[in-house]
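Just below is one structure, and these are the notes that go with it.
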Amino acid sequence: MSQEVSFNSVRYAVHAALDAAFPDIPVSGEEIPQGLEAPYFYVRLLEPGHTRELGRRYKRRHPFVVRYFAVDRQNDAMYAMAEQLTEVLASITVGGRPCAGNDIRYQIENEVLYFWVTYSLLVWQQWPDDPAMETLEQHGGIKDEP
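Pasting the structure below:
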């Protein structure tokens, strides 16, 4: 598969977008460490998909959920953050190319903001490194009729 775009490279791009927009808020992609103080983001890649389209072309879907834990746990603060996340995660950069976020939705449950976004990308399988044919010499000419 194309080495420019991997499941991890999309994860890293989401983390980078959040880090750039919110440098004072920690972003975690692993299990939430005990004792981590709010505010913080927890980013999880849900169930990615990899589907063959045509020939060497594949479509990859990367659905994410970003959980935001606010300091005051007030709905106003979480809805304001949802507005900001909508703008920040509307487009990320993966492999040097912009990638638009789709299926954006969010909800507040148990004093936590859940923000979902999906990134879909086309990737191409690389050609195998088979050896090229050796050179072929062809000789020909025009035969005169008597």
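Numbering (this note's numbering), first residue to last: 34 to 179. No residue lacks a Cβ here, since even glycine has one placed at the ideal position from N, Cα and C. Quick caveat, the model's predicted, so the values are computed rather than measured.
> Is it true that the CB of L146 sits closer than 8 Å to the CB of Y75?
Replying inline: Translated into positions along the sequence shown, residue 75 becomes position 42. Translated into positions along the sequence shown, residue 146 becomes position 113. No.
>> Please classify V104 as buried or exposed, where buried requires at least 16 neighbouring CB atoms within 10 angstroms.
In response: In the sequence shown, counting from the first residue as 1, residue 104 sits at position 71. Counting Cβ neighbours within 10 Å, V104 comes out exposed, since fewer than 16 surround it.
>> Beta-carbon within less than 6 Å of S61's beta-carbon, same chain only, minus the 5 sequence neighbours each way: which residues are those?
In response: Within the sequence shown, residue 61 is the residue found at index 28, counting from 1. Closer than 6 Å at Cβ, skipping near neighbours: Y75.
> Going by beta carbon distance, what residues of the same chain come within less than 7 Å of I58, once the five residues before and after it are set aside?
Replying inline: On the sequence shown, position 25 is the one that residue 58 refers to. So the list reads P72, Y73, F74, once near-sequence residues are dropped.
> If we call anything under 8 Å between Cβ atoms a contact, is L78 one with R130?
Replying inline: In the sequence shown, residue 78 corresponds to position 45, counting from 1. In the sequence shown, residue 130 corresponds to position 97, counting from 1. It is not a contact, given that the beta carbons lie outside the stated cut-off.
> Going straight from the alpha carbon of T151 to that of Q171, what length do you get?
Replying inline: Reading the sequence shown from its first residue, position 118 is the one you call residue 151. Reading the sequence shown from its first residue, position 138 is the one you call residue 171. In a straight line, the C-alpha of T151 is about 55 Å away from that of Q171.
> So, F40 versus P96, is the Cβ gap smaller than 8 Å?
Replying inline: Numbered from its first residue, the sequence shown carries residue 40 at position 7. Numbered from its first residue, the sequence shown carries residue 96 at position 63. In this structure, P96 does not lie closer than 8 Å to F40 by Cβ.
> Just checking my contact of R85 with W157 at CB under 8 Å: how many whole Å lie between their CB atoms?
Replying inline: Numbered from its first residue, the sequence shown carries residue 85 at position 52. Numbered from its first residue, the sequence shown carries residue 157 at position 124. Their Cβ separation, rounded to whole angstroms, is 11 Å, which puts R85 and W157 out of contact at 8 Å.
> Do you know how far the Cα of Q140 is from the Cα of S35?
Replying inline: As a working note, residue 35 is residue 2 in the sequence shown. As a working note, residue 140 is residue 107 in the sequence shown. In this predicted model, S35 has a pLDDT of only 42, less than 50, meaning its place in the structure is not dependable; the value taken from the coordinates is given anyway. If you take the alpha carbons of S35 and Q140, they lie about 35 Å apart.
>> According to DSSP, is Q36 part of a helix, a strand, or is it coil?
In response: In the sequence shown, counting from the first residue as 1, residue 36 sits at position 3. Model confidence at Q36 stands at a pLDDT of 43, short of 50, so the residue's coordinates are unreliable; what they give is reported in the following sentence. DSSP places Q36 in coil when its eight states are reduced to three.
> Nearest-angstrom Cα distance between V98 and S124?
Replying inline: One-based indexing of the sequence shown puts residue 98 at position 65. One-based indexing of the sequence shown puts residue 124 at position 91. One C-alpha to the other measures close to 15 Å.
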